[in-house]
Amino acid sequence: MRSDSFLASLYTYPWDLSDDGLDLALDRIADLAACGEVLLTPCYHRSEYYLPHNPRRPVYYGENGAVYFSPDMSRYEVSRIRPRVSREVTDPAWFDRMVEAIRKRGLGFSAWMVYTFQNHLSERYPEFARHDAFGTPHMGALSTAPRDVRDYFAALTAEVLDRFGPDAVWVESLGRRGFSMPGKRRAQMPERCRWLLSLCFNPASMAFADAAGLEAEPLRRDLVEWMRPRLAAGADPDADEPATPAWIEEAFDGRLQRYMEISRRQTTDLWLEVVELIRGRGVRVQADLASPERSLTNDLDPVVNGHVDRLSYSLREGEEPGDRIRELEGMIADGGKVFVSPTGDLRQAEPIREQLAAAREAGAGGATFYNYGLLTLDQLGNIGRAVRSM
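Letter 244 of the sequence shown, counting from 1, is numbered 1142 in my numbering, and no numbers are missing.
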């Protein structure tokens, strides 16, 4: 459903539209799920998928990072990074036809863009990955500091905007990625070590610190010396302590806090550069809320909230959204709207309807549902019944 006051939007992978057939898939999105917008990804990370209604492959193994259109490679000459084109892209107009079909069906099209979460690029270009204090490039985490990464993100964003003209861009993982624990382990890692390993010591990140007057190399060595015996011993569950803001402020004579501030500044600047490209073309920005707590893991200053036109917010179990939605609207761009994601498994329409009605009454601008290919037809129908009843 699309109206001046509320928009129901459905996240979608391009292979789902292709496998179902564009006409059938878009009919289901518009008629069965009653959604007025398709949030389609032109660039994505790696995962594995159970696709219950897919007629071709109920189990799909995704690629480890790719773009789902045929890029104009001349745009990327500003960077040493080159986009990897997905195996799904069978001809130069593959993605273009999807956008055209979405528009022709009377649906809105918005681009769901994933940035630093990139297995392929971090493996192909380890010099541009996030490096931990030991110098290890981390898989699936590009550093936000190297100039090549920043130029690549700008080129990718500009091409999506210029070629496909989205109504909005959902900006995902345009910040420091948290540290994912290795799957193979028999000991637990101390929480403070785990957090310290998420910090970026890519040479470009260290250069930002040096330029700001903080010597990064001595700090890096001190972190390694501090972590080695603690990693070797593993976590003591009775005495393990988290990396709290108070600990970060005092640790390593305040140098750790200073390094964090410098990293946050350069990552926030990158976020703002990309968002300026988007909003400068009259396109709305959709993103999660940046909070002081989350800045410990993503290096984004809450100042970015003032540049968000559509704020993604997941309702909490049993939450009355009224006051919270009004509070969130006051944190984002003038005229910005909160888009809610209902809780629950979507197996019944009434709980969805109740959450949407309460959110709309509180002033929410819309709702986002995840994800067309991952949901059963019954779940899509429940979304539709809930949306139409409002």
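Glycine included, each C-beta is placed from N, C-alpha and C at the ideal position.
Annotation: the continuous alpha helix (DSSP H) that includes M1125 extends over 1114-1131. Residue pairing for H1029: DSSP places it in a beta bridge opposite P1035.
One alpha carbon belongs to E1057, the other to L1175, and they sit about 11 Å apart. With contacts defined as CB atoms closer than 9 Å, L937 and L908 qualify as a contacting pair. Taking the C-beta atoms as reference points, S977 is found nearer than 9 Å to A1053. For E1248, the three-state secondary structure derived from DSSP is helix.
If you compare the alpha carbons of I979, P1101, W1068 with that of D1049, the shortest gap goes to I979. Under a 10 Å Cβ-count criterion, D917 is classified as buried, with 16 or more other Cβ atoms of the shown protein chains found around its own Cβ. In this chain, M1011 is not harboured by any alpha helix (DSSP H); it is covered by the beta strand (DSSP E) spanning 1006-1012. For E1174, no pairing in a beta bridge is given by DSSP.
By the 16-neighbour rule on beta-carbons within 10 angstroms, Y959 is exposed.
Residue environment for K1235: buried (at least 16 other C-beta atoms within 10 angstroms of its C-beta).
G1264: not part of any alpha helix (DSSP H); member of the beta strand (DSSP E) spanning 1264-1267, first to last residue. Relative to the Cα of E1259, the nearest Cα in the group D1243, R1224, G1228, Q1246 belongs to R1224. In this structure, DSSP gives D1065 a state outside helix and strand, which the three-state scheme calls coil. Taking the Cα positions, R1084 is about 12 Å away from L1129.
Collapsing the DSSP output to three states places T1055 in a helix. Under the DSSP assignment, T910 falls in the beta strand (DSSP E) whose first and last residues are 905-910. Where L938 is concerned, the enclosing beta strand (DSSP E) starts and stops at 935-942. Per DSSP, the continuous alpha helix (DSSP H) segment holding Q1277 begins and ends at 1275-1286. By the Cβ-count criterion, E935 is buried, with 16 or more other Cβ atoms from all chains shown falling within 10 Å of its own Cβ.
For E1147, the enclosing alpha helix (DSSP H) begins and ends at 1143-1148. Fully enclosed beta strand (DSSP E) runs of no fewer than 3 residues occupy 1182-1186, 1208-1212 of the region 1179-1218, in order along the chain.
G1279 is a Cβ neighbour of L930, given a cutoff of 9 Å. S1096 counts as buried, since at least 16 other C-beta atoms from the protein chains shown sit within 10 angstroms of its C-beta. In this structure the region 1199-1217 lies against the region 1172-1186, because at least three pairs of beta carbons, one per stretch, are closer than 8 Å. L1168 and S1041 have their C-alpha atoms some 11 Å from each other.
Secondary structure at F993: helix, using DSSP grouped into helix, strand and coil. Contact between the region 1185-1198 and the region 1213-1223 is absent, with fewer than three C-beta pairs closer than 8 Å.
Checking the DSSP bridge columns, you'll see K1235 partnered with R1208. Annotated three-state conformation of E1225 is helix, per DSSP.
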